[in-house]
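Counted from 1, the sequence shown has number 161 at position 161 by full-length UniProt numbering; the numbering is strictly sequential.
Below you'll find the structure, written out as structure tokens, and then a few comments.
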Amino acid sequence: MSAQARGWAGEVDGYEAYYVPRFAPWVAAATEAVAGAELPDGPVLVPCCGTFPELDALVTTMPGRELRGVDLSPGMVRRARERGAAHAQVSVVEGDASTLEPQSAAAVVSVFGLQQLPEPDAALRSWAEALRPGGRLAVVFWPAVTEDDGPFAIASELVRRHVPPHDWSWQERLVPALTAQGLTVDRDEEPSYPISHPDAAEFFDAYTRSGPMRSLADARGAEFVAGLRREFLARAPQGRWEHRPHARLIVARAPVSSPPSGAGPR
Ligand SMILES: C[S@@+](CC[C@H](N)C(=O)[O-])C[C@H]1O[C@@H](n2cnc3c(N)ncnc32)[C@H](O)[C@@H]1O
1 MSAQARGWAG
11 EVDGYEAYYV
21 PRFAPWVAAA
31 TEAVAGAELP
41 DGPVLVPCCG
51 TFPELDALVT
61 TMPGRELRGV
71 DLSPGMVRRA
81 RERGAAHAQV
91 SVVEGDASTL
101 EPQSAAAVVS
111 VFGLQQLPEP
121 DAALRSWAEA
131 LRPGGRLAVV
141 FWPAVTEDDG
151 PFAIASELVR
161 RHVPPHDWSW
171 QERLVPALTA
181 QGLTVDRDEE
191 PSYPISHPDA
201 AEFFDAYTRS
211 GPMRSLADAR
221 GAEFVAGLRR
231 EFLARAPQGR
241 WEHRPHARLI
251 VARAPVSSPP
261 SGAGPR
């Protein structure tokens, strides 16, 4: 299991309580992007579903459609299965979502998982290959820069002082990965919505206990986290903290007829 997925294993309740309500507008943007579309037969796959916040909107807008979440973290999968238990058409697979079975899906919808995968552009290519003719893809992820200031920006800047630089060059390869598979990219946008935190300390604690810094916090230990917390709070405003980060949304569709076999670079 990757460090990222391990990072979520013990903190499912914290993720669900703190992040799921705050990230809801981006989940809505992704699910709305496929909701009205005419789709081929087959399931909607939701790679990196986490606790499966995409589920309610998909069940409502696509009644009866098979929905299949995939996540690497057993804790997330358990919670996702609980969320889907009332719906016979919903299943959740525990496994690596970097590769999906070719030609297996009517649509692929994924929110805030792509940037966690070891090779996001290769994964997106596989997700494109998973679409049946006429299928749709809607993917939301956090890019390297989400805001100029605000808690995400400050946290990233502090972390960068302590870890080797991350290679974000894959971001430039996403659209080419889709068009090489014959997909048409309908939207490539940076949706931003307001997020509010009770204060800087609550933000930091959620970020390190059940958010993106969890695996680093586990790896480096309590003393490291305490030092980072001091640095973070020294830079943060007092009281409620509002910010407006932007993610990236890519919406694409597969051609109605299949590409000739062997087409498209690997
Ligand atoms: C930030 S959460 C997003 C969950 C959900 N889609 C949402 O919008 O709240 C990212 C999820 O990606 C999962 N993940 C990370 N690497 C993965 C992989 N290789 N395969 C499947 N899931 C993975 C993590 O376990 C985690 O549940």
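Quick reminder that beta carbons are idealized off the backbone N, C-alpha and C, glycines included.
Cβ neighbour criterion (16 or more within 10 Å) applied to H166
By 1-based counting over the sequence shown, the position of residue 166 is 166. By the beta-carbon neighbour count (other beta carbons within 10 angstroms, threshold 16), H166 is exposed.
Run through DSSP, which three-state label would G14 get?
Start at 1 with the first residue of the sequence shown, and residue 14 comes out as number 14. Here G14 sits in helix by DSSP.
For T31, report the span of its alpha helix (DSSP H) as first-last.
Working through the sequence shown from its first residue, we reach residue 31 at position 31. First-last of the alpha helix (DSSP H) with T31: V20 to A35.
Could you give the DSSP three-state label for A130: helix, strand or coil?
As a working mapping, residue 130 is identified with position 130 in the sequence shown. Three-state result, A130: coil.
Return the Cβ separation of E89 and E66 in integer angstroms, given the expectation that the two are a contact with Cβ distance under 8 Å.
Position 89 of the sequence shown, counted from the start, is the residue given in the question as residue 89. Position 66 of the sequence shown, counted from the start, is the residue given in the question as residue 66. Contrary to the premise, residue 89 reads as Gln rather than Glu in this sequence. Right, their Cβ atoms sit about 5 Å apart.
With which residues is R187 paired in a DSSP beta bridge?
As a first step, residue 187 must be located in the sequence shown, where it is residue number 187. In the DSSP output, where bridge partners are listed per residue, R187 has V251.
For a test of the three-state rule: what should DSSP assign to D121, helix, strand or coil?
On the sequence shown, residue 121 is found 121 positions in, with the first residue counted as 1. Residue state for D121 is assigned as helix, using DSSP reduced to three classes.
Which residue's Cα is closest to the Cα of F232: D199, R248, H246 and E38?
The residue labelled residue 232 in the question sits at position 232 within the sequence shown. For the residues D199, R248, H246 and E38, the minimum Cα distance to F232 belongs to D199.
First and last residue of the uninterrupted alpha helix (DSSP H) at D71
As a working mapping, residue 71 is identified with position 71 in the sequence shown. Residue range L67 to D71 is occupied by the beta strand (DSSP E) that includes D71, with no alpha helix (DSSP H) assigned at that position.
Ligand 1 heavy atoms versus the CB of A97: any closer than 8 Å?
Counting from one through the sequence shown, the residue named residue 97 turns up at place 97. For A97, the distance from the CB to the nearest heavy atom of ligand 1 is below 8 Å.
Which whole-angstrom value describes the C-beta separation of V109 and L58, a residue pair presumed to lie in contact below a C-beta threshold of 8 Å?
For this step, residue 109 is matched to residue 109 along the sequence shown. For this step, residue 58 is matched to residue 58 along the sequence shown. About 7 Å; that satisfies the 8 Å criterion.
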